[in-house]
Amino acid sequence: ADFESGDDGFTYVADPDVASTNNLWHRSSIKSVSPSHSMYYGLEGSTNYNTGARNAGNLQSPTISLAGVPPPVVLSFSYALQSEGGGVTWDPATVQISANGGSSWTTLITTSNAASAALLTPAVNFAKRVVDISAYAGSNIMVRFNFDTLDADANSYQGWFVDEVVIAAGKVAYVRSTNSIPWGHADNEWAMTRVFGTNWQDLRYETVDPVSLFGGNTRFIFMDGSDENALEMGAFLTNNMVAMSNWVAAGG
Numbered sequence: 636a637d638f639e640s641g642d643d644g645f646t647y648v649a650d651p652d653v654a655s656t657n658n659l660w661h662r663s664s665i666k667s668v669s670p671s672h673s674m675y676y677g678l679e680g681s682t683n684y685n686t687g688a689r690n691a692g693n694l695q696s697p698t699i700s701l702a703g704v705p706p707p708v709v710l711s712f713s714y715a716l717q718s719e720g721g722g723v724t725w726d727p728a729t730v731q732i733s734a735n736g737g738s739s740w741t742t743l744i745t746t747s748n749a750a751s752a753a754l755l756t757p758a759v760n761f762a763k764r765v766v767d768i769s770a771y772a773g774s775n776i777m778v779r780f781n782f783d784t785l786d787a788d789a790n791s792y793q794g795w796f797v798d799e800v801v802i803a804a805g806k807v808a809y810v811r812s813t814n815s816i817p818w819g820h821a822d823n824e825w826a827m828t829r830v831f832g833t834n835w836q837d838l839r840y841e842t843v844d845p846v847s848l849f850g851g852n853t854r855f856i857f858m859d860g861s862d863e864n865a866l867e868m869g870a871f872l873t874n875n876m877v878a879m880s881n882w883v884a885a886g887g
């Protein structure tokens, strides 16, 4: 969903704790990743969410069928977010998922330090987040973006822009060299597991099949070029630049 031609099936759903008239989600052209539009939680005129009262609301997707879709499955979105205290204690921004038609919701990622979920960090400029939702493969799901000021105070921050919301299935790969262990590889592997769970492949430049790697079923590739891996990565890219360019152009 890039929101260029409309709401793309997303709806503005009231937060049960706040009157429906206080939901500030709407389609906006203030800033975006896609050419001209995104979804914005805030006021167009003041570019903040200060209404003089507590406000909250949900931007909710239509039902999305993952029937027959094998893992890994990921949710990705671009966002820009500025809120009171970074949203850690106040003004939380939260992404949730439901597999029962909205009867209950599970938090995937949030700015709040009170939830046992992945942390969503503030971003002045657009950043991209990828969240593993492989546990929901085979289900019918809905996703929602919830913002809640919790009170009427300190609400003169920019708010939350969301764009390029995508759910994608396919292979995920981390590629490095067999000749040396790159600096920080343990952190990289931890990050891959944090985002994708165990649903990713650990591959090597010297042995990976480029046709398979850059095939249509591959959604995400992390190429490690630190330390001595730089030579192997450079050679691999030189030999496979056309295939990689075509993969990127097709949405990889």
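Residue numbers (my numbering): 636 to 887.
Just so it is clear, CB atoms sit at the ideal spot from N, CA and C, and this is done for glycine as well.
Anticipated Cβ contact below 8 angstroms, residue i with residue j, distance rounded
i	j	result
residue 648	residue 712	Between residue 712 and residue 648 the Cβ distance is about 17 angstroms, and since that is not below 8 angstroms, they are no contact.
residue 815	residue 863	4 angstroms
residue 774	residue 734	4 angstroms
residue 793	residue 720	Residue 793 to residue 720, Cβ: 14 angstroms. No contact.
residue 838	residue 808	5 angstroms
Distance between residue j and residue i (C-alpha atoms, nearest Å)
i	j	result
residue 740	residue 728	14 angstroms
residue 877	residue 657	50 angstroms
residue 730	residue 825	22 angstroms
residue 858	residue 715	26 angstroms
residue 663	residue 812	45 angstroms
residue 784	residue 764	22 angstroms
residue 746	residue 668	21 angstroms
residue 706	residue 758	29 angstroms
residue 828	residue 636	26 angstroms
residue 646	residue 718	23 angstroms
Under the three-state DSSP convention, the category residue i falls into
i	result
residue 740	coil
residue 871	helix
residue 770	helix
residue 689	coil
residue 671	coil
residue 656	helix
residue 848	helix
residue 795	strand
residue 704	coil
Per-residue burial, residue i [other beta carbons within 10 Å of its own, 16 or more giving buried]
i	result
residue 681	exposed
residue 767	buried
residue 797	buried
residue 693	buried
residue 848	buried
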